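A.B. asks: Residue numbers (our numbering): -16 to 105.
Where a beta carbon is used, it is the ideal one built from N, C-alpha and C, also for glycine.
Just so it is clear, the structure is predicted and the values come from calculations on it, not from any experiment.
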């Protein structure tokens, strides 16, 4: 497949595939004229990069996660899991605070001791 076909199949622009290749996250062979040729392996690799990007990995993290050694890849993924879990905790705290403000009986949040407690939390 050519780059345009792969881009269309994945629902992305061709320049994204070129960027992934430039960053080292994607390896694509070239034909005699220098055109990129996506075989099944390159297409699967592009799908993997796309999935890892969609779950929140940066391009450098994707490149590291696709490292040839399993331990190196797992370290990157574990670090991302930790970051996402931390983000979930922060978002849950944000939801709790906002939920309280919606239900708060005080006219001004500054008047509410519970809101003050939320505000002082890190």
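#1: Grab me the residues of residue 98's own chain with a C-beta within less than 6 Å of its C-beta, minus the 5 sequence neighbours each way, in chain order.
#2: Have a look at the DSSP bridge pairing and note the partners of residue 12.
#3: Does the stretch 12 to 25 come close enough to the stretch 37 to 56 that 3 or more CB-CB pairs lie under 8 Å?
#4: For residue -11, which residues of its own chain have a beta-carbon under 7 Å away from its beta-carbon, when the five flanking residues on both sides are left out?
#5: What did DSSP end up calling residue 81 once you bin it into helix, strand or coil?
C.D. replies: If we stick to the structure as given:
#1: Position 115 of the chain shown, counting from 1, holds the residue named residue 98. Hits under 6 Å: 92.
#2: Reading the chain shown from its first residue, position 29 is the one you call residue 12. Answer is 20, bridged to residue 12.
#3: no
#4: Here residue -11 refers to the residue found at position 6 when the chain shown is read from its first residue. Correct list, in chain order: 0, 21, 26 and 29.
#5: Position 98 of the chain shown, counted from the first residue, corresponds to residue 81. Reduced to three states, the DSSP call for residue 81 is helix.
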